[in-house]
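Heads up: the structure comes next, in structure tokens.
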Amino acid sequence: MSLKFYQPLELTEAVELLTSSPGVGKLLAGGTDLVLHMREGKVKPDFVVDLSKIQELRFIKSEAGLIRIGSMTTFTELHTSPLLRERVTCLAEAAGFVGSPQIRNQGTVGGNIANASPAADSVPALVALGAVVKITGGAGTREAKLSDILVGAGKNNLAPDEIITEVYFSEPNPVAVSAFVKLGRRKALAISRISVAVLVALDSPGEKVIEARIGLGAVAPNPFRVTTGEAALLHRGLTPEGMEEAVEAVCAEASATLGNRASAVYKKAAVRGVAREALARVYRNLTEGGRQHA
Ligand SMILES: Cc1cc2nc3c(=O)[nH]c(=O)nc-3n(C[C@H](O)[C@H](O)[C@H](O)COP(=O)(O)OP(=O)(O)OC[C@H]3O[C@@H](n4cnc5c(N)ncnc54)[C@H](O)[C@@H]3O)c2cc1C
Numbered sequence: 026m027s028l029k030f031y032q033p034l035e036l037t038e039a040v041e042l043l044t045s046s047p048g049v050g051k052l053l054a055g056g057t058d059l060v061l062h063m064r065e066g067k068v069k070p071d072f073v074v075d076l077s078k079i080q081e082l083r084f085i086k087s088e089a090g091l092i093r094i095g096s097m098t099t100f101t102e103l104h105t106s107p108l109l110r111e112r113v114t115c116l117a118e119a120a121g122f123v124g125s126p127q128i129r130n131q132g133t134v135g136g137n138i139a140n141a142s143p144a145a146d147s148v149p150a151l152v153a154l155g156a157v158v159k160i161t162g163g164a165g166t167r168e169a170k171l172s173d174i175l176v177g178a179g180k181n182n183l184a185p186d187e188i189i190t191e192v193y194f195s196e197p198n199p200v201a202v203s204a205f206v207k208l209g210r211r212k213a214l215a216i217s218r219i220s221v222a223v224l225v226a227l228d229s230p231g232e233k234v235i236e237a238r239i240g241l242g243a244v245a246p247n248p249f250r251v252t253t254g255e256a257a258l259l260h261r262g263l264t265p266e267g268m269e270e271a272v273e274a275v276c277a278e279a280s281a282t283l284g285n286r287a288s289a290v291y292k293k294a295a296v297r298g299v300a301r302e303a304l305a306r307v308y309r310n311l312t313e314g315g316r317q318h319a
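According to the working numbering, the stretch in the sequence shown is residues 26 to 319, in order.
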């Protein structure tokens, strides 16, 4: 069977194509992962449904206490969004760290989630924020926690006819400050990336942490939220001791996941450095008042 290519203009049409077309279908968003996978023969679809013309999947908005992002929103759009840069800096920064300008212009948040890479850059911030994913398929629309649909390296639990339409999360506290730090890939050492997203809000006298979120990427099959690190920060001042306890908690979680594999020694040390830097950036931004965007 030769590869068929569809380019629907509406979501309902895309779902119908997935449910009614014969053979194995694949969704195409920006194509930055899928095209490579097809070239490498990892996936061999009979037909491709391109989502790029579906305008209803492309938005970033603040609505009723939620920040909602359409699945076809590109990394460039995330990185340059005034709303995200102001309110969810860690996500805007994470998008800015992705690949090259071309990849950022093409790659989408929906594709980043569905591809389920351990090093997916948008995911540490999104899981830390408790993001929920909205999904539409032949059986209707459902919602699931982002952390529940990622079920291993390169694996999600979406049905073949399901499309991620948006990802949303509660607006962080208006005074929250956040940062994303990523250790880049070092080709010579063949070591994958490590990334940390941190968000902290202090109470109005600036004495106690009232919101803390930490997400860690590239040490486990999927990025995850480090609630033990968050607990180390909460309900006390943002002190060097508290931050160091949080760093140690992040390291302990990373160690538990990394085990004794060859790269573990390096990665554990690297996690400590990356977590420290992320917290230090948040601290500087909170105490010096200036936001520093990567
Ligand atoms: C040179 C290069 C550098 C890269 N650098 C980075 C990096 O620094 N950080 C990073 O995180 N990633 C990086 N990537 C990976 C890639 O760009 C991202 O994962 C990107 O977000 C994928 O999005 P896409 O829109 O291109 O997805 P596609 O390639 O179109 O799709 C990816 C997968 O998701 C499925 N899919 C897409 N959209 C949906 C949807 N709405 N609902 C359900 N399933 C869907 C597709 O069927 C496919 O299986 C890089 C890739 C390349 C080629």
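Using N, Cα and C, we set each Cβ at its ideal position, and we do this for glycine too. Since the model is a prediction, treat every value here as computed from it, not as a measurement.
Cβ contact annotation for Glu302 (same chain, cutoff 6 Å, sequence separation greater than five): Val206, in chain order.
Cα atoms of Met97 and Ile138: separation of roughly 11 Å, rounded to the nearest angstrom.
Nearest in C-alpha terms to Leu241, of all of Gly254, Val234 and Ser229, is Gly254. Sixteen is the threshold: since fewer than 16 other Cβ atoms of the shown chains lie within 10 Å of the Cβ of Gln80, the residue is exposed. Taking C-beta separations shorter than 7 Å and ignoring five residues to either side along the sequence, the partners of Lys233 in its chain run Leu227, His260, Arg261 and Gly262, following chain order. With fewer than three CB-CB distances shorter than 8 Å, the segment 53-66 does not count as touching the segment 35-45. With a beta-carbon spacing of about 30 Å, Leu183 and Ala201 fall beyond the 8 Å limit used to define contacts. Contact between Glu191 and Gly95 holds: CB atoms are separated by about 5 Å, below the 8 Å threshold. Each residue's CA atom was taken as its position, placing Leu108 and Cys115 some 12 Å apart. Counting along the chain, Arg167 sits inside the beta strand (DSSP E) bounded by residues Gly165 to Lys170. Asn285 is classed as exposed because its beta carbon has fewer than 16 other beta carbons within 10 Å across all chains shown.
Burial state of Glu278 is buried, judged by a 10 Å Cβ sphere holding 16 or more other Cβ atoms. Contact between Phe30 and Ser46 is absent: CB atoms are separated by about 11 Å, not below the 8 Å threshold. Across the structure, Ser280 and Ala294 are spaced so that their CA atoms are roughly 10 Å apart. Exclusion of the five residues before and after Val157 leaves Glu168, Ala169, Lys170, Leu171, Val192, Tyr193 and Phe194 as the residues of its chain whose Cβ lies within less than 8 Å of its Cβ. Around Lys78, the same chain offers Gln32 and Leu34 as residues with beta carbons nearer than 6 Å, after the five sequence neighbours per side are excluded.
Annotation: the continuous beta strand (DSSP E) that includes Phe194 extends over Ile188 to Ser195. In this structure, Asp186 sits away from Gly165, with a CB-CB distance that is not shorter than 7 Å. Cβ-Cβ distances below 6 Å link Ala145 to Asn137 in the same chain, with the five nearest sequence neighbours on each side left out; the list follows chain order.
Measuring C-alpha to C-alpha distances from Thr264 to each of His104, Phe249 and Leu311 identifies Leu311 as the nearest.
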